[in-house]
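Novice: Shown below is the structure under consideration.
2 protein chains.
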Amino acid sequence: MAQHSVAQQAQRALEAHLLDGSWPVGVRLPAERALAETLGVSRNSLREAIFCLKARGLLVSKWGSGVFVTDRLQTAISSPWRQLVADHPDLRWDTLEFRREMEGATAHYAALRADKTDLKKIEGIIKRLTRAYETGEKNEEYKADADFHEAIAEASHNSMFLYLHAGILRMLREHISLNLMGMEDPSGKITDDLRRQHLGVWDAVRKHQPEAARQAMLAHIDFTRIELERRQG
Amino acid sequence: MAQHSVAQQAQRALEAHLLDGSWPVGVRLPAERALAETLGVSRNSLREAIFCLKARGLLVSKWGSGVFVTDRLQTAISSPWRQLVADHPDLRWDTLEFRREMEGATAHYAALRADKTDLKKIEGIIKRLTRAYETGEKNEEYKADADFHEAIAEASHNSMFLYLHAGILRMLREHISLNLMGMEDPSGKITDDLRRQHLGVWDAVRKHQPEAARQAMLAHIDFTRIELERRQG
DNA sequence: GCCTGAAAATTGGTAGTACCAATTATTTTT
DNA sequence: AAAAATAATTGGTACTACCAATTTTCAGGC
Numbered sequence: 001m002a003q004h005s006v007a008q009q010a011q012r013a014l015e016a017h018l019l020d021g022s023w024p025v026g027v028r029l030p031a032e033r034a035l036a037e038t039l040g041v042s043r044n045s046l047r048e049a050i051f052c053l054k055a056r057g058l059l060v061s062k063w064g065s066g067v068f069v070t071d072r073l074q075t076a077i078s079s080p081w082r083q084l085v086a087d088h089p090d091l092r093w094d095t096l097e098f099r100r101e102m103e104g105a106t107a108h109y110a111a112l113r114a115d116k117t118d119l120k121k122i123e124g125i126i127k128r129l130t131r132a133y134e135t136g137e138k139n140e141e142y143k144a145d146a147d148f149h150e151a152i153a154e155a156s157h158n159s160m161f162l163y164l165h166a167g168i169l170r171m172l173r174e175h176i177s178l179n180l181m182g183m184e185d186p187s188g189k190i191t192d193d194l195r196r197q198h199l200g201v202w203d204a205v206r207k208h209q210p211e212a213a214r215q216a217m218l219a220h221i222d223f224t225r226i227e228l229e230r231r232q233g
Numbered sequence: 234m235a236q237h238s239v240a241q242q243a244q245r246a247l248e249a250h251l252l253d254g255s256w257p258v259g260v261r262l263p264a265e266r267a268l269a270e271t272l273g274v275s276r277n278s279l280r281e282a283i284f285c286l287k288a289r290g291l292l293v294s295k296w297g298s299g300v301f302v303t304d305r306l307q308t309a310i311s312s313p314w315r316q317l318v319a320d321h322p323d324l325r326w327d328t329l330e331f332r333r334e335m336e337g338a339t340a341h342y343a344a345l346r347a348d349k350t351d352l353k354k355i356e357g358i359i360k361r362l363t364r365a366y367e368t369g370e371k372n373e374e375y376k377a378d379a380d381f382h383e384a385i386a387e388a389s390h391n392s393m394f395l396y397l398h399a400g401i402l403r404m405l406r407e408h409i410s411l412n413l414m415g416m417e418d419p420s421g422k423i424t425d426d427l428r429r430q431h432l433g434v435w436d437a438v439r440k441h442q443p444e445a446a447r448q449a450m451l452a453h454i455d456f457t458r459i460e461l462e463r464r465q466g
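Sequence order for the protein chains is S and Y.
Residues in the first sequence are numbered consecutively from 1, following this note's numbering.
Residues in the second sequence are numbered consecutively from 234, following this note's numbering.
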């Protein structure tokens, strides 16, 4: 009869409570045994549903305490790759290698083909980036950083690279940035290095030096990789 | 001890099989009872993991039949381009640039990390390829060619490259090969060049010379591009 | 009266068994 | 040889039992 399995129905029921506000953020869910009874399902099926919602980041469970509702706005949208990258930290190095090659190639072709419109756009982003560096606005810095990379992708005039940047690469960049942004940088050295690296890429693209642009971008990715390694082995 | 729950560990074990290719698309997983025993977890915990992967669309289960691997991971990445390439033939040069960079990078990391198993596999394919060249079996030559590139991708030991090769790159390769294979080659010069290029890549990978491998692969892709240009402007 | 701390109840985590229903493989019958 | 009946396998669900971490309760002492 049931189009969907009992566990799926249970998951729907839980999601409904999360959506209609009857279980606000931070609240503790009824105990599994009681909740299973009220939903009319076994504790097994209920746990399957809960486990899935936990994996999606909507719930967290604390041993001996209960299951709680988390802030679901962050993890609402996730691609299959995001989930995999989050679950398998060792995959991060694979994706970083991929990023390194792709961003390097993109910078190469950007330096080869950037026209006046492209250069003007990138220059504007560089100004935003510099201003964000100086004022220390981390949020604007992150946004300008992302815009910079996508502007480079546009300037490459290659649909393939452009789509990669709009899809996977953007996701990977977000994932890395979240880990790297929260770090302390008391001396401001890292911020300074990042600024120098972006200017290096921009300079090579502006002067139409493909290989210099590639090397500058590779150095930038390598820098983020090394900084990431320093923090997480 | 365990930072993560048993169910989460089970989920990662399943994901690992999906990522490293030991469970290809369409394959049927071992029965839940048997799989739970091999993983050393209870069937309940295993089912929680499976349920989550089903919800993410990576697995589908059929009543009384088994659990199967879907092609979500590959289609999620390759589908946008499949449509684009089909709709816009002039996109071919963009995709060739993309192929050039990706295959070059893959050869680089293959030379860096290929182990004895990888080398043995590649060597076998090289022998098939040589035999196909000599006997002039175009069909076997094409198949061995494709296997060669994918074996290189496996030897790179990078899940990202591996999946790209299994997805979009395979599609692009098919697209190119069909145009290139059907051409006449009376003097046998092109076949001879192709053979020399494959041997060049194989030699660099075997000797663990990353940059030589990259350059050899780039030369190979450039050759196919030039031959394609000669025929279709 | 209030604090302390140990015992008890509660809760999520895991394992195991049993049974059902759908599918598949095997055997039997025609 | 084909078809039908049967047995074995598989996912789906439920239930019980126990463990370990947490919270609550409550007795005892100051």
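Positions of the beta carbon are idealized from the N, C-alpha and C atoms, including for glycine.
Is there a C-beta anywhere in chain Y that falls below 8 Å from the one on residue 65/S?
Specialist: no
Novice: According to the Cβ coordinates, are residue 361/Y and residue 379/Y closer than 8 Å?
Specialist: no
Novice: Work out the CA separation of residue 368/Y and residue 250/Y for me, nearest whole Å.
Specialist: 38 Å
Novice: Between the C-alpha atoms of residue 171/S and residue 218/S, what's the straight-line distance to the nearest angstrom?
Specialist: 19 Å
Novice: Start and end of the beta strand (DSSP E) containing residue 292/Y?
Specialist: Counting along the chain, the beta strand (DSSP E) containing residue 292/Y begins and ends at 292-295.
Novice: May I have a chain-ordered list of the beta strand (DSSP E) segments no shorter than 3 residues that lie completely inside the segment 23-66 of chain S?
Specialist: 59-62
Novice: Check the Cβ of residue 327/Y against every Cβ in chain S and list those closer than 7 Å, keeping chain order.
Specialist: 158, 159 and 160
Novice: Residue 300/Y: buried (16+ other C-beta within 10 angstroms of its C-beta) or exposed?
Specialist: The residue is buried, with at least 16 neighbouring Cβ atoms inside 10 Å.
Novice: If you reduce the DSSP assignment to three classes, tell me which class residue 16/S lands in.
Specialist: In this structure, residue 16/S counts as helix in the three-state DSSP scheme.
Novice: Please determine if the segment 339-355 of chain Y and the segment 442-457 of chain Y are in contact, where contact requires at least 3 C-beta pairs separated by less than 8 Å.
Specialist: yes
Novice: Give a yes or no on whether 8 Å exceeds the smallest Cβ distance from residue 114/S to chain Y.
Specialist: Chain Y contact via Cβ: absent.
Novice: Could you name the residues that DSSP lists as bridge partners for residue 302/Y?
Specialist: Beta-bridge pairing links residue 302/Y to 292/Y.
Novice: Taking the beta carbon of residue 425/Y as the centre, do at least 16 other beta carbons fall within 10 Å, making it buried, or is it exposed?
Specialist: Exposed, since its Cβ has fewer than 16 Cβ neighbours within 10 Å.
Novice: Starting from residue 281/Y, find everything on chain S with Cβ-Cβ shorter than 7 Å and list it in chain order.
Specialist: 47, 48 and 51
Novice: If I'm right that residue 119/S touches residue 47/S with Cβ under 8 Å, what's the distance once you round it to whole angstroms?
Specialist: In fact, because the Cβ distance is near 57 Å, the residues do not count as touching under 8 Å.
Novice: Cβ atoms of residue 401/Y and residue 460/Y: under 8 Å apart, would you say?
Specialist: no
Novice: Quick check: what's the CA-CA separation for residue 12/S versus residue 288/Y?
Specialist: The alpha-carbon separation between residue 12/S and residue 288/Y amounts to approximately 12 Å.
Novice: Are the C-beta of residue 464/Y and some C-beta of chain S separated by less than 8 Å?
Specialist: no
Novice: What is the DSSP secondary structure of residue 431/Y, reduced to helix, strand or coil?
Specialist: helix
Novice: For residue 90/S and residue 393/Y, I'd like the C-alpha separation in whole angstroms.
Specialist: C-alpha separation (whole angstroms): 12 Å.
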